[in-house]
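Residue numbers (full-length UniProt numbering): 1 to 303.
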């Protein structure tokens, strides 16, 4: 199956579209452990994880990313198209291989992960061509819908986006991709149309301090100039902070047996976005996002 040319997206998902290679074992693991388990290869990447969740909720996401013209890339594009995701505006490179992510998950959590998103970084601004050449928008008539943007883009490109006319009318929803890339979001932190989704570790990196909980982290990000932030803390209470009035609200996730971790934050973000697009208030949207993330980590929602 090839690219889907005719779909008009409801939302754009910009960032990593790659293969997730995940090794999972119910055993507790430490450095050097060698245990039996399962290894899977599934479509992944922050932008793609968000897009897949949005599609499950009935939206039509369009992908803006870099995917190679290698066999892995062709398989990945076919898988995305089969899920109803818009692939017509992907940058397909003859020279760059399809990106990959590898993680080891155990009974005691995420043991290690490596993100190989070098092709996305090398493609740079080429992935945004459809936003400037009239297919999805232009500087004179920018895209006016929601955009899910992830921090796998380079610091330079994220800084360009922060000041770009192409995003002047968009509802920007932004995730850092990983704690190691959190500080890439600094140019976008105070963007007037941005909502930032981070975990408590990423919030600490953006603020250069430690936080005792999600509510304190949300308040800290608002002090740094953020307009709107959502902060998660694993099984602890999550927070939604809004600069309009400086209000922070919190909610706790329901306890579940955790069977997987990779993609949980992306599911939370997508479910929250969908709830707000459907008119839910802040409290209801936060509750919906927590419920979707709990179902995901418990294995009740398919990959």
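Positions of the beta carbon are idealized from the N, C-alpha and C atoms, including for glycine.
Remember, predicted model here, so these are calculated numbers, not experimental data.
8 Å contact criterion, which residue i and residue j should meet: CB distance rounded
| i | j | result |
| --- | --- | --- |
| residue 40 | residue 267 | Not confirmed; about 17 Å, so no contact. |
| residue 212 | residue 253 | That belief does not hold up - the Cβ atoms of residue 212 and residue 253 are roughly 18 Å apart, past 8 Å. |
| residue 16 | residue 133 | Contact doesn't hold; Cβ gap of about 23 Å is too wide. |
| residue 264 | residue 297 | 5 Å |
| residue 173 | residue 147 | 7 Å |
Cβ neighbour criterion (16 or more within 10 Å) applied to residue i
| i | result |
| --- | --- |
| residue 272 | buried |
| residue 34 | exposed |
| residue 228 | buried |
| residue 49 | buried |
| residue 94 | exposed |
| residue 152 | buried |
| residue 36 | exposed |
| residue 105 | buried |
| residue 206 | buried |
| residue 202 | buried |
| residue 255 | exposed |
| residue 192 | exposed |
| residue 76 | buried |
| residue 176 | buried |
| residue 108 | exposed |
| residue 299 | exposed |
| residue 236 | exposed |
| residue 112 | exposed |
| residue 180 | exposed |
| residue 100 | buried |
| residue 245 | exposed |
| residue 281 | exposed |
Own chain partners of residue i with C-beta closer than 7 Å, once the 5 adjacent residues on each side are dropped
| i | result |
| --- | --- |
| residue 96 | 66, 68, 119, 122, 123 |
| residue 5 | Reliability fails at residue 5, whose pLDDT of 46 lies under 50, so the model's placement of it is uncertain and no value is given. |
| residue 275 | 284, 285, 288, 289 |
| residue 374 | In the structure as shown, the chain begins at 1 and stops at 303. Residue 374 is therefore absent and cannot be evaluated. |
| residue 51 | 13, 61, 63, 85 |
| residue 250 | 214, 215, 237, 238, 239 |
| residue 46 | 15, 16, 150, 152, 175, 177, 266 |
Span of the beta strand (DSSP E) around residue i
| i | result |
| --- | --- |
| residue 173 | 171 to 175 |
| residue 38 | 38 to 44 |
| residue 148 | 146 to 150 |
| residue 184 | Premise fails: residue 184 is in no beta strand (DSSP E) and is neither H nor E. |
| residue 109 | 109 to 116 |
| residue 229 | 228 to 232 |
| residue 66 | 66 to 68 |
| residue 92 | 91 to 93 |
| residue 251 | 247 to 251 |
| residue 106 | 100 to 106 |
| residue 311 | Any property of residue 311 remains undetermined from this structure, which presents the chain solely from 1 to 303. |
| residue 241 | 238 to 242 |
| residue 12 | 11 to 14 |
| residue 19 | 18 to 24 |
First through last residue of the alpha helix (DSSP H) which encompasses residue i
| i | result |
| --- | --- |
| residue 201 | 200 to 207 |
| residue 155 | 155 to 162 |
| residue 266 | 264 to 277 |
| residue 283 | 282 to 297 |
| residue 84 | Where residue 84 is concerned, there is no enclosing alpha helix (DSSP H), given that its DSSP letter is neither H nor E. |
| residue 215 | 214 to 223 |
Residues of its chain near residue i, where Cβ-Cβ distance is below 6 Å and the 5 sequence neighbours each way are ignored
| i | result |
| --- | --- |
| residue 114 | 102 |
| residue 10 | 59, 60 |
| residue 248 | 215, 218, 219, 239, 241 |
| residue 291 | none |
| residue 91 | 66, 123, 126, 127 |
| residue 258 | 297 |
| residue 161 | 167 |
| residue 117 | 16, 99, 152 |
| residue 57 | 274 |
Sequence-distant residues of its chain with Cβ nearer than 8 Å to residue i (five each side left out)
| i | result |
| --- | --- |
| residue 226 | 189, 190, 194, 196, 241, 243 |
| residue 42 | 19, 20, 22, 303 |
| residue 145 | 9, 10, 11, 12, 170, 171 |
| residue 209 | 220 |
| residue 98 | 18, 19, 67, 68, 70, 72, 73, 76, 119 |
| residue 28 | 106, 107, 108 |
| residue 154 | 121, 124, 184 |
Any non-hydrogen atom of the ligand FMN closer than 7 Å to residue i Cβ
| i | result |
| --- | --- |
| residue 60 | With respect to small molecules bound, the structure shown includes none, and the ligand FMN cannot be examined in it. |
Within-8 Å CB hit, residue i to chain B
| i | result |
| --- | --- |
| residue 206 | The structure shown contains no chain B; it holds only a single protein chain. |
Query raised in the report: So, do the stretch 180 to 200 and the stretch 75 to 88 have three or more beta carbon pairs nearer to each other than 8 Å?
Result: no
Requested in this report: Give a yes or no on contact between the stretch 139 to 149 and the stretch 161 to 177, applying the rule of three or more CB pairs nearer than 8 Å.
Outcome: yes
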